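Okay, so here's the structure we're looking at.
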Amino acid sequence: MTDEIEYQEYEPGTQPPYLTPRYKSTVIRSPKKPQYKLPRTLTETTGPLFSQDDVTAAECDLVTGANGAPAIGQLMIMDGVVTDEDGRPAANTLIEIWQANSAGKYAHVMDTRDAPGDPNFIGAGRAVTDEDGHYRFTTIKPGAYPVPNSGNYWRPPHIHISLYGHSFMSRMITQSYFPGDPLNDEDHILQGIPDAAARDRLVMKLDPSVGVDEHALGFRHNLVLRGRRATPMVG
Ligand SMILES: [Fe+2]
1 MTDEIEYQEY
11 EPGTQPPYLT
21 PRYKSTVIRS
31 PKKPQYKLPR
41 TLTETTGPLF
51 SQDDVTAAEC
61 DLVTGANGAP
71 AIGQLMIMDG
81 VVTDEDGRPA
91 ANTLIEIWQA
101 NSAGKYAHVM
111 DTRDAPGDPN
121 FIGAGRAVTD
131 EDGHYRFTTI
141 KPGAYPVPNS
151 GNYWRPPHIH
161 ISLYGHSFMS
171 RMITQSYFPG
181 DPLNDEDHIL
191 QGIPDAAARD
201 RLVMKLDPSV
211 GVDEHALGFR
221 HNLVLRGRRA
231 TPMVG
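In the working numbering, the protein residues as written are 1 to 235.
Next comes the structure, spelled out in structure tokens:
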């Protein structure tokens, strides 16, 4: 008996091509030689494994600052479920997020843009999904930011997400976007995905039922690891 899981192939057009010239990072990192499939071993298909004990409840709250003061910005909830390609809840999945502050500035030494920082906002959080694959983050809506040397191309507000799923084979790096933002239609990364329905899987859905009355906007964002309905991967 083996714990190995069979994985479905992605549907054509639902993932960004390795080379998307407008998305400049892909020019450097896209493969230049033909690829070949590596044989899978149990190492890739059975781990790593996570549990609720690997994180604290405070780690899914990005708003309560290290100094006890709240981050500045539009309070929001990002709430959803993680499922595998067959719709089964992905329980005990590590989900990590990182994002810019409300002024579109990252708390990172590489972000040297002249925009306001927020000492009460680190911009990173993590959680482990429960038995139903559910996760929930409290954060602030990130601001848009310009990409250097790009002719004033601005990234729309977005939240970066990393997931593991059942194993390294279901590892996913992606981003979530906000519904209705005019910059979405101009985003080189989002628009690099050919299939419109697949692009829509990266856009959160406004959902007051997951928000907090008179406190925080609610957005639902479900994620699918691998397969025909997979959430597209974008770096
Ligand atoms: Fe970003």
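For each residue, glycine too, the CB sits at the ideal point set by N, CA and C.
Owing to the predicted nature of the structure, the values given are computational and were not obtained by experimental measurement.
query: For T139, which three-state DSSP category applies?
result: T139 sits in a strand when the DSSP states are folded into three classes.
task: Would you tell me roughly how many angstroms separate the C-alpha atoms of L217 and K205, rounded to the nearest one?
output: Spanning the alpha carbons of L217 and K205 requires a straight line of approximately 11 Å.
- request: Just tell me which of P194, H158, F137 has its CA closest to the CA of G80.
  value: F137
- request: State the start and end residues of the unbroken beta strand (DSSP E) segment that holds R220.
  value: 217-220
field: Three-state class that DSSP yields for I28 in the structure shown
entry: helix
- prompt: Looking at M233 and I173, is the spacing between their C-beta atoms short of 7 Å?
  reply: In this structure, M233 lies closer than 7 Å to I173 by Cβ.
- prompt: So, P31 versus G192, is the Cβ gap smaller than 7 Å?
  reply: no
query: Which class does D185 belong to by DSSP, given the choice of helix, strand or coil?
result: In the three-state reduction of the DSSP assignment, D185 falls in the helix class, which pools H, G and I.
query: If we count the other Cβ atoms within 10 Å of its Cβ and call it buried at 16 or more, is N149 buried or exposed?
result: exposed
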